[in-house]
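Some notes on the structure that comes next.
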C-alpha cells in the first residue's frame, strides 16, 4: 500500500507538475525581483520574502524549456528542501490534490522535454490527466549545474 | 517523563556552573586559604550534581559527587588545598566539561572517569593525617544531620532575637505526622495554616515548598513567632487529625543563641535536658549537611542580586526572525510616511511621526539584543593560559581588561578560535621561560594582557605579551627560506613589515614544534579568519620587550554603513568602509594606459572600472555620459575608481546573505533590503582591486 500524499499542482506550458505539499513553504504572486549578475542564466535574481532574501529560479530555464513572459497567472513557489530555500517561477499554481503514491509510475526517459532524473515519476490522476512529480533534490542539485556551466564556459 | 524539553536548559546551566567552577577554582588557586570561595565552588558543584542526577546522567553526577566530597573536606578545614588537589579537581572539571559537551552533541554523557574518581577518593581517604577521619565524619554528618535540623541564617536569627526582645513568644516546634497518614502534605499544610493564623513561621525544615510537594519524611520542625502560649499551641496542633506528636518549646534569647550555633534538634534536646553537651561534638555534624540547604534557599537570592543583570536565554534564530519581521515593519513605515505625505492630514502625520520615533527606538533595541559581552569568549582563557603555562613550566599572569565590551553574537561565535590561537602563540612563543626571563633581567612571571575596547564602529581586541618580541633576523631568514620574500626584499622591509610576515601562509618560527602552537597551522589561518569577519589583524613588536597583536573587528556583522548607488534601474550598496571618496570625472580625463582605463587621482593614476560592465547592467552605459560620478575605493593602500550613474545616499543597511542556493558571486558580498522592500546587492569592492 502506498501512502496518501498532498501535492501542489503547477503548470509549465501545458504540462502539469506536482511537488509534495510539505516541501512547499508558500506560493506568492510575482514579486519584484532583483537581478543577480554573474550567475546561472536560469537564476532570475533574489526576492525579499518577509525580510528573508531568497533566490528565485525560472523553472522553465532550469529544465531547458523556452522562457516565457510573466503573466497574471505566474507564481513563485517557495520550496524548502535540503536546507535550501529557493523560489520556483512557474506559469501557474492553483490546485492541491490528494493522491496515493501507488499511482505514481516511474517516469519515461523524457517527459515534456524534461530529463527523467529530475522526476520522481508520473501520476495518472485520470484518463486524460497526468501529473509529473518533481524530484526536488535533483532539481536543486548544484553540483551538476556547476559542471554544466564549466563545460559550457 | 520526557526530559528533552529540559535538556537544553540543563546544558546551558551546566555550562554556566562549569564556567563558574573554573573561575572560582582559579581564584582559589590564588588564595588557597579563602574558604568562602570553596563555599561557592561547593554550591555550584552541588547544584550541578543535583541537576545531573535529575536528568539521569549518572556518570556526571557521580564524578561531581566525588569532587564535592573533596571540597566538603576543604570547606570544613579538614583538608588543606594543595597543588595535586587542584590538579585533580581541574582534571575532574575537564572530564565534566567533555561529558556536558557529549550531552550537547546528543550523547549519553558517559565517560570513563574511574582514574579521576580513584584519585579523588584517595584524596578523601588521604595520606594526609588530618583528612583520615574526615570521610567518616562527613558521612555520619549526612545521616545524623539530614533528618531533622534547622539552621538559621543571620537575618532570621536577628528577627527572632528582636521578637524576643519585643516580648513576643519565640517557639521551636517539632511536628511528627502519624505513620499511617496518607496525605502528609495536607496534614502539614493544615498545621502551617493553623500556625499562620496566630503568628509567623520564620523558618522551617524542610522548606515549605518541599513540604507542599511531600518531600519530607514524617516530621518537620520550625521557628515560630506568636503571642500564644506554648502549651496552648501544642494542643491546637495535636487537634489536627493524624498528627502523631508535637513538641513546642519556648525559647529565650540565650537558648536561641545556643540553638542557632548548634544544630537545632540537638539544641532542643539540650534545652530539654541541659546535661547534654551540645556545643562541641554535634556542631560540625549539624553544620555539614544543612549548610548547602540554607545556602540554596538563603544565598540564592543574594547571588542573583550580585549578578550584573537578570537575563533570559533566547534562541538566536528567534532574534533573527524578530529582526526580519522588524525590517518588514520599517518598510511599511516608509510606505505610511509616503501616504501621510500625500493625504496631508495633521492627525495622520503626527501619528505616523510618533510611530517612526517609536520604531527607531525599537530598532536600536532589536540591534542591541544581539550584542554579547566578549567575556563569554574571554572567560575560558584564564584557565587555558594557566594550563598552558603549567605544561610549559612558565609563569604567566593573564590580565583581562574590558571583558564587558559588547560585540555582535555572530562575531563572538567566530572570534574564539583565532583568539585561542593568538593566546597560545603568546604563551608558547611570546613569553620566555623563567630562566630566560631572569637572564634578560625581567621579572620571573611573564604578563599577557588581553584587552578589548570600542573605538568608533569597531571593537579592538589586543593581545600583548612582555616576552621575546619578534626577532627580525630569524623571521626574515625563515621567510626567505620558505620563499615568502626574496632576500633583497627582506632587507628593505621595516621591522613592522617583517613582523607581518608571521601571517604569511605556512609560517612558523618556533624551532621546536610543541604541541601547543606550531602544529603546522600558522598564524595565516588566524588572519584569514579575522578577515573573513571583516576585521584586520596587525603585529607590533619591540625585540626583547614583547609583541602586540591587535585585532580590529566590526561591531556587528549584520549592519554596516553603506553608500547606495544607482545604475540604470538597479540599485547597489557599497560599504562605506572601503570608500575613500566620491567625485566626478569628465570624459576627456579618462586615459588608456597599457590597455587599462586610468584616471588621474591626486598625484597618480588609478584604474577606472565600469561597474555597469562588470555586472552586465542592461540599462546603463557610462560611455554615453559626458561627466560620470565615481567612487574611489581602497583595498589596503591600493586605489581604484568605480563609475556609477547616481548616488542615492548614505544608509545603515542590514546585511543578508543571498541564500545557500547561489554559489558565491565575485564582487557581491551579500544583499540588503531597502526601504521600499526591494532587495539591493552589496558590492564587495575588494574583489575589483587585484
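Chains as they are written, first to last, in the UniProt record's numbering: chain U, 1 to 153; chain X, 1 to 690.
Beta carbons: idealized from backbone N, C-alpha and C, even for Gly.
Extent of the continuous beta strand (DSSP E) run through residue 101/U: Start at 1 with the first residue of the first chain, and residue 101/U comes out as number 101. No beta strand (DSSP E) holds residue 101/U; DSSP gives it neither H nor E.
Where residue 419/X falls: helix, strand or coil (DSSP): Working through the second chain from its first residue, we reach residue 419/X at position 419. Helix at residue 419/X.
Whole-Å CB distance - residue 407/X paired with residue 553/X, under 8 Å assumed: Indexing the second chain from 1 puts residue 407/X at position 407. Indexing the second chain from 1 puts residue 553/X at position 553. Rounded to whole angstroms, the Cβ separation of residue 407/X and residue 553/X is 7 Å, and the two are in contact under 8 Å.
Spatial neighbours of residue 40/X in its chain, beta-carbon cut-off 6 Å, leaving aside the 5 residues before and after: Along the second chain, one-based indexing puts residue 40/X at 40. If we look at residue 40/X and ignore the five residues flanking it on each side, its Cβ neighbours are 24.
8 Å Cβ cutoff, residue 612/X in contact with chain U: Here residue 612/X refers to the residue found at position 612 when the second chain is read from its first residue. No, its Cβ sits nowhere closer than 8 Å to a Cβ of chain U.
Buried or exposed (CB count within 10 angstroms, at least 16 for buried), residue 661/X: Residue numbering aside, residue 661/X sits at position 661 when the second chain is read from its first letter. Answer is buried; the Cβ neighbour count reaches 16.
Length of the line joining the Cα atoms of residue 156/X and residue 312/X: Counting from 1 along the second chain, the entry for residue 156/X is found at position 156. Counting from 1 along the second chain, the entry for residue 312/X is found at position 312. The alpha-carbon separation between residue 156/X and residue 312/X amounts to approximately 31 Å.
Segment contact flag, the stretch 538-547 of chain X with the stretch 630-640 of chain X, C-beta cutoff 8 Å, min 3 pairs: Judged by Cβ distances under 8 Å, the stretch 538-547 of chain X makes no contact with the stretch 630-640 of chain X, as fewer than three pairs qualify.
Span of the beta strand (DSSP E), counted from its first residue to its last, around residue 205/X: Along the second chain, read from residue 1 onward, the residue named residue 205/X stands at position 205. Counting along the chain, the beta strand (DSSP E) containing residue 205/X begins and ends at 199-205.
Distance between beta carbons of residue 160/X and residue 715/X, contact taken as under 8 Å: Residue 715/X lies beyond the residue range present for chain X, which begins at 1 and ends at 690; the question has no answer from this structure.
Where residue 465/X sits in the DSSP three-state scheme: In the second chain, the residue the question calls residue 465/X occupies position 465. Here residue 465/X sits in strand by DSSP.
Pick from 612/X, 247/X and 153/X that is closest to residue 566/X, judged by C-alpha positions: Within the second chain, the letter at position 566 stands for residue 566/X. Taking residue 566/X as reference, the option from 612/X, 247/X and 153/X with the minimal CA-CA separation is 612/X.
Of the listed residues 55/U, 10/U and 42/U, nearest to residue 32/U (C-alpha basis): Working through the first chain from its first residue, we reach residue 32/U at position 32. Restricting attention to 55/U, 10/U and 42/U, the CA atom closest to the CA of residue 32/U is found in 55/U.
C-beta neighbour in chain U for residue 560/X, strict 8 Å: One-based indexing of the second chain puts residue 560/X at position 560. Not an interface residue.
Length-filtered (3 minimum) beta strand (DSSP E) runs lying within the UniProt domain "CheW-like" (4-145) of chain U: If one requires a minimum length of 3 residues, the beta strand (DSSP E) runs lying completely within the UniProt domain "CheW-like" (4-145) of chain U are 4-12, 15-20, 24-29, 43-49, 52-58, 75-81, 84-90, 92-100, 119-126 and 129-134, in chain order.
Inter-residue Cα distance where the pair is residue 359/X and residue 649/X: Counting from 1 along the second chain, the entry for residue 359/X is found at position 359. Counting from 1 along the second chain, the entry for residue 649/X is found at position 649. When rounded, the separation of the alpha-carbon atoms in residue 359/X and residue 649/X is 21 Å.
Any C-beta of chain X under 8 Å from that of residue 84/U: In the first chain, residue 84/U corresponds to position 84, counting from 1. Judged by the 8 Å Cβ criterion, residue 84/U is in contact with chain X.
Through-space distance from residue 7/X to residue 98/U, alpha-carbon basis: Along the first chain, read from residue 1 onward, the residue named residue 98/U stands at position 98. Along the second chain, read from residue 1 onward, the residue named residue 7/X stands at position 7. Put simply, the backbone Cα of residue 98/U is about 38 Å away from that of residue 7/X.
Sequence-distant residues of the same chain with beta carbon closer than 6 Å to residue 3/U, five excluded per side: Residue numbering aside, residue 3/U sits at position 3 when the first chain is read from its first letter. Residues of the same chain with a CB within less than 6 Å of the CB of residue 3/U, apart from the 5 flanking positions on each side, are 101 in chain order.
is_contact[residue 616/X, chain U] using C-beta, thresh 8 Å: Along the second chain, one-based indexing puts residue 616/X at 616. Chain U contact via Cβ: present.
Backbone CA spacing between residue 88/U and residue 136/U [nearest angstrom]: Here residue 88/U refers to the residue found at position 88 when the first chain is read from its first residue. Here residue 136/U refers to the residue found at position 136 when the first chain is read from its first residue. Answer to the nearest angstrom: the Cα atoms are 11 Å apart.
Residues that DSSP places opposite residue 583/X in a beta bridge: As a first step, residue 583/X is located in the second chain; it is residue number 583 there, counting from the start. Its beta-bridge partners are 630/X.
is_contact[residue 666/X, chain U] using C-beta, thresh 8 Å: Walking along the second chain from the start, residue 666/X turns up at place 666. The Cβ of residue 666/X sits closer than 8 Å to at least one Cβ of chain U.
Residue environment, residue 36/X, which counts as buried when at least 16 other CB atoms sit within 10 Å: Translated into the one-based positions of the second chain, residue 36/X becomes position 36. Counting C-beta atoms within 10 angstroms of its own C-beta, residue 36/X has fewer than 16 neighbours from the protein chains shown and is therefore classed as exposed.
Touching by the beta-carbon criterion (3+ pairs, under 8 Å), the stretch 214-224 of chain X and the stretch 187-204 of chain X: Yes, since at least three Cβ pairs between the stretch 214-224 of chain X and the stretch 187-204 of chain X fall closer than 8 Å, the two stretches touch.
Interface partners of residue 695/X on chain U, CB under 8 Å: Not covered by the structure: residue 695/X. The range shown for chain X is 1 to 690.
Of the listed residues 5/U, 95/U and 129/U, nearest to residue 75/U (C-alpha basis): Residue 75/U sits at position 75 when you count from the first residue of the first chain. The residue with the shortest Cα to Cα distance from residue 75/U is 95/U.
Proximity winner among 671/X, 67/X and 364/X, relative to residue 570/X (alpha-carbon distances): Here residue 570/X refers to the residue found at position 570 when the second chain is read from its first residue. Out of 671/X, 67/X and 364/X, 671/X has the C-alpha closest to the C-alpha of residue 570/X.
Chain B contacts from the stretch 319-330 of chain X (Cβ-Cβ distance under 7 Å): Absent from the structure: chain B. Protein chains present are U and X.
Residue-level contact to chain X via CB, residue 26/U, 8 Å cutoff: On the first chain, residue 26/U is found 26 positions in, with the first residue counted as 1. No, residue 26/U does not count as interfacial toward chain X.
Alpha carbon of residue 70/U to alpha carbon of residue 376/X, nearest angstrom: As a first step, residue 70/U is located in the first chain; it is residue number 70 there, counting from the start. As a first step, residue 376/X is located in the second chain; it is residue number 376 there, counting from the start. Taking the straight line joining both Cα atoms gives about 51 Å.
Test item: CB-CB of residue 562/X and residue 412/X under 8 Å: On the second chain, residue 562/X is found 562 positions in, with the first residue counted as 1. On the second chain, residue 412/X is found 412 positions in, with the first residue counted as 1. Contact: no.
Whole beta strand (DSSP E) elements within the UniProt domain "CheW-like" (559-690) of chain X, 3-residue minimum: Secondary structure remark: continuous beta strand (DSSP E) runs of at least 3 residues inside the UniProt domain "CheW-like" (559-690) of chain X, in chain order: 559-567, 570-575, 579-586, 591-593, 596-601, 604-610, 627-635, 638-644, 646-654, 668-673 and 679-683.
Environment of residue 220/X [buried if 16+ CB atoms lie within 10 Å]: Indexing the second chain from 1 puts residue 220/X at position 220. Counting the other Cβ atoms within 10 Å of the Cβ of residue 220/X gives 16 or more, which makes it buried.
Spatial neighbours of residue 300/X in its chain, beta-carbon cut-off 6 Å, leaving aside the 5 residues before and after: Walking along the second chain from the start, residue 300/X turns up at place 300. With a pLDDT of 38 at residue 300/X, under the threshold of 50, the predicted position of this residue should be treated as unreliable, though the coordinate-derived value follows. When the five nearest sequence neighbours on each side are left out, no beta carbon in the same chain lies closer than 6 Å to the beta carbon of residue 300/X.
Proximity of residue 93/U and residue 107/U at Cβ, strictly below 8 Å: Taking the first residue of the first chain as position 1, residue 93/U is located at position 93. Taking the first residue of the first chain as position 1, residue 107/U is located at position 107. Taking 8 Å as the Cβ cut-off, residue 93/U and residue 107/U do not qualify as a contacting pair.
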